[in-house]
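Peer 1:
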Amino acid sequence: MNSTVTEVEVSGSSESSSSAVSWGPILAGAFAASTLTVILMLVGSGLGLTMVSPWTGASASVTTFAVSAAVWLVIVQWLSAGLGGYLTGRLRTKWVGIHDDEVYFRDTAHGFLAWALATLLVAGVFGSALSATIGAGVQAASSVAAGAAAGATSATTNAAGGTADRNGLDYFVDALFRPADTVTSAPAGQSDGGSTAQASRILLVSGAKGEVSPDDKAYLAKLVASRTGLSQADAAKRVDTVLTSMEDAKNKAKAAADTARKASATFALVGALSMIVGAFIASVAATLGGKQRDDDEAQFVRG
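All residue numbers for the sequence shown refer to the working numbering, where the first residue is 135 and numbers rise by one.
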């Protein structure tokens with residue numbers, strides 16, 4: 135009976151009352167990693183701005199810009215996570231009476247915790263700016279697609295009771311009714327505003343359906359002929375030309391929006407991968423820093 139009590143007391147006294155987590159080194163490593171991340175992100179922003187130019191042909195393509203940003207994200211994670219993890223392992227106190235495997239696990243966990251805390255700190259600093267940037271990008275892509283798809287988006291928005299940008303559609307309507315002779319005026323009784331409104335509604339509904347019916351196309355040709363002084367055949371050709379131009383503009387904008395979507399998806403996936411790599415590097419760096427700290431202390435004691 136006394137032997138049992140003694141064993142229980144000995145086993146209980148062998149358990150440390152202090153936590154295995156050393157928050158001091160973790161906080162130090164996290165602050166160092168987040169600070170370096172902020173500095174490197176500012177450097178990356180400056181380098182990125184050098185790749186963008188309003189002049190045609192002087193700016194890098196969307197793909198090049200996305201790949202460069204993704205590579206820079208990986209570099210930022212490597213450097214900041216490595217620094218934060220190494221400092222976390224190097225600054226901790228020596229664990230006495232702990233098996234080497236447990237020391238390795240604790241250093242790995244401390245490095246991961248330092249990386250996680252640094253990630254939260256950086257997210258807090260850049261969170262609002264990043265959300266604004268992503269929101270602006272999504273809004274810009276939506277605006278481009280809406281402007282290109284003139285008819286479809288405008289018809290849908292107006293039907294819902296909202297307002298849409300009509301500048302793109304108005305350009306094509308003006309192209310339809312451009313006079314063949316600048317001195318030609320509309321025939322008496324023909325309302326310019328009425329013809330324009332009818333043509334606009336036809337283009338809007340046709341854009342929503344994705345095609346212009348033969349009856350609508352024939353009626354547009356009649357409206358163009360009455361307003362511009364063109365023959366019926368020439369008016370029909372003009373209608374076909376304008377409809378083709380609208381379709382080309384819509385396809386180009388869709389292609390641009392799709393390119394931006396793919397670039398954003400690639401950037402997000404590579405960003406997530408870089409964060410996973412950063413967590414791994416921080417953990418490994420913490421084990422290296424902790425091992426070096428213990429080795430240096432052991433050499434000092436032996437010396």
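We put the beta carbon where it would ideally sit given N, CA and C, even for glycine.
(1) In angstroms with no decimal places, state the Cα-to-Cα distance between residue 363 and residue 330.
(2) Counting along the chain, where does the alpha helix (DSSP H) carrying residue 387 start and finish?
(3) Can you name the start and end residues of the alpha helix (DSSP H) that residue 162 belongs to?
(4) Kindly examine the ligand GDP and report whether one of its heavy atoms sits closer than 8 Å to the Cβ of residue 334.
(5) Exposed or buried, what is residue 176 when buried is set at 16 or more other beta-carbons lying within 10 Å of its beta-carbon?
(6) Give a yes or no on whether the C-beta atoms belonging to residue 244 and residue 227 are separated by under 9 Å.
(7) What is the C-beta distance between residue 248 and residue 342, in whole angstroms, given that I count them as a contact (C-beta under 8 Å)?
(8) Can you confirm whether the stretch 251-258 touches the stretch 165-184 when touching is taken to mean that 3 or more C-beta pairs between the two stretches lie within less than 8 Å?
(9) Taking the C-alpha atoms as reference points, what is the distance between residue 429 and residue 419?
(10) In the structure shown, what three-state DSSP assignment does residue 281 receive?
(11) For the stretch 230-240 against the stretch 398-407, do three or more pairs of beta-carbon atoms, one drawn from each stretch, fall closer than 8 Å, so that the two count as touching?
(12) On the DSSP letters alone, give me the boundaries of the alpha helix (DSSP H) that residue 361 sits inside.
(13) Quick check on DSSP: helix, strand or coil for residue 154?
(14) Report the three-state DSSP secondary structure of residue 228 (helix, strand or coil).
(15) If we ignore side chains and look at the alpha-carbon of each, how far apart do residue 378 and residue 404 end up?
(16) Between the Cα of residue 353 and those of 332, 338, 344, spot the shortest distance and give me the residue it belongs to.
(17) Taking only the alpha-carbon atoms, compute the straight-line gap between residue 375 and residue 413 and give it to the nearest angstrom.
(18) Just to confirm, are residue 206 and residue 178 a CB contact at a threshold of 9 Å?
(19) What does a CB cutoff of less than 7 Å around residue 417 pick up in its chain, not counting 5 residues either side in sequence?
(20) Can you tell me the Cα-Cα spacing of residue 162 and residue 202, whole angstroms?
(21) I need the straight-line Cα distance from residue 338 to residue 348, nearest angstrom please.
(22) Hey, would you say residue 307 sits closer than 9 Å to residue 334, going by beta carbons?
(23) Would you report the Cα separation of residue 344 and residue 360, rounded to the nearest angstrom?
(24) For residue 257 versus residue 408, is the C-beta distance shorter than 9 Å?
(25) Do residue 424 and residue 240 have their beta-carbon atoms positioned less than 9 Å apart in this structure?
(26) Using beta-carbon positions only, say whether residue 211 and residue 415 come within less than 9 Å of one another.
(27) Between the Cα of residue 208 and those of 421, 383, 410, spot the shortest distance and give me the residue it belongs to.
(28) Report buried or exposed for residue 384, applying the criterion of at least 16 other Cβ atoms within 10 angstroms of its Cβ.
(29) When we look at the beta-carbon of residue 382 and count the other beta-carbons within 10 Å, is it buried (16 or more) or exposed?
Peer 2: Well, looking at it:
(1) Taking the first residue of the sequence shown as position 1, residue 363 is located at position 229. Taking the first residue of the sequence shown as position 1, residue 330 is located at position 196. Rounded to the nearest angstrom, the two C-alpha atoms are 15 Å apart.
(2) In the sequence shown, residue 387 corresponds to position 253, counting from 1. Taken as a continuous stretch (DSSP letters only), the alpha helix (DSSP H) holding residue 387 covers 366-436.
(3) What you label residue 162 is simply residue 28 of the sequence shown in a count that begins at 1. It spans 157-184 - the alpha helix (DSSP H) in which residue 162 sits, taken as one unbroken run.
(4) The model on display carries no ligand, and the ligand GDP is accordingly not part of it.
(5) Position 42 of the sequence shown holds residue 176. Per the 10 Å Cβ criterion, exposed.
(6) Stepping through the sequence shown from its first residue, residue 244 is reached at position 110. Stepping through the sequence shown from its first residue, residue 227 is reached at position 93. No.
(7) Position 114 of the sequence shown, counted from the first residue, corresponds to residue 248. Position 208 of the sequence shown, counted from the first residue, corresponds to residue 342. Actually they are not in contact, since the Cβ atoms of residue 248 and residue 342 sit about 55 Å apart, beyond 8 Å.
(8) yes
(9) Residue numbering aside, residue 429 sits at position 295 when the sequence shown is read from its first letter. Residue numbering aside, residue 419 sits at position 285 when the sequence shown is read from its first letter. So the alpha carbons of these two residues sit roughly 15 Å apart.
(10) As a first step, residue 281 must be located in the sequence shown, where it is residue number 147. Confidence in residue 281 is poor, its pLDDT being 47 and thus under 50, which makes the residue's placement unreliable; the coordinate value appears in the next sentence. If DSSP states are grouped into helix, strand and coil, residue 281 belongs with the helices.
(11) no
(12) Numbered from its first residue, the sequence shown carries residue 361 at position 227. Here the alpha helix (DSSP H) through residue 361 covers 348-362.
(13) Taking the first residue of the sequence shown as position 1, residue 154 is located at position 20. In the structure shown, residue 154 sits in coil (DSSP, three-state: anything other than H, G, I, E or B).
(14) By one-based count along the sequence shown, residue 228 stands at place 94. Looking at residue 228 - three-state DSSP - the assignment turns out to be coil, as it is neither helix nor strand.
(15) The residue given as residue 378 occupies position 244 in the sequence shown. The residue given as residue 404 occupies position 270 in the sequence shown. Residue 378 and residue 404: Cα-Cα distance of roughly 39 Å.
(16) As a first step, residue 353 must be located in the sequence shown, where it is residue number 219. Comparing Cα positions, the closest option is 332.
(17) Residue mapping note: residue 375 aligns to position 241 of the sequence shown, counting from 1. Residue mapping note: residue 413 aligns to position 279 of the sequence shown, counting from 1. Approximately 57 Å, taken between the alpha carbons.
(18) The count along the sequence shown starts at 1 and reaches residue 206 at position 72. The count along the sequence shown starts at 1 and reaches residue 178 at position 44. Going by C-beta atoms, residue 206 is nearer than 9 Å to residue 178.
(19) For this step, residue 417 is matched to residue 283 along the sequence shown. Hits under 7 Å: 219, 242, 245, 246.
(20) To locate residue 162, count along the sequence shown from 1; it is residue 28. To locate residue 202, count along the sequence shown from 1; it is residue 68. Each residue's alpha carbon lies about 30 Å from the other.
(21) Numbered from 1 along the sequence shown, position 204 holds the residue referred to as residue 338. Numbered from 1 along the sequence shown, position 214 holds the residue referred to as residue 348. When rounded, the distance between both Cα atoms is 15 Å.
(22) The residue labelled residue 307 in the question sits at position 173 within the sequence shown. The residue labelled residue 334 in the question sits at position 200 within the sequence shown. Yes, Cβ-Cβ distance for residue 307 and residue 334 is below 9 Å.
(23) Numbered from its first residue, the sequence shown carries residue 344 at position 210. Numbered from its first residue, the sequence shown carries residue 360 at position 226. Cα-Cα distance, rounded: 26 Å.
(24) The residue labelled residue 257 in the question sits at position 123 within the sequence shown. The residue labelled residue 408 in the question sits at position 274 within the sequence shown. No, these two residues do not count as a Cβ contact at 9 Å.
(25) Here residue 240 refers to the residue found at position 106 when the sequence shown is read from its first residue. Here residue 424 refers to the residue found at position 290 when the sequence shown is read from its first residue. Yes; because the gap between Cβ atoms is below 9 Å, this pair is in contact.
(26) The sequence position of residue 211 within the sequence shown is 77, counting from 1. The sequence position of residue 415 within the sequence shown is 281, counting from 1. Cβ atoms of residue 211 and residue 415: closer than 9 Å.
(27) The residue you call residue 208 lines up with position 74 of the sequence shown. Measuring from the Cα of residue 208, the nearest candidate turns out to be 410.
(28) If you number the sequence shown from 1, residue 384 lands on position 250. That one is buried.
(29) Sequence index remark: in the sequence shown, residue 382 carries index 248 (1-based). That one is exposed.
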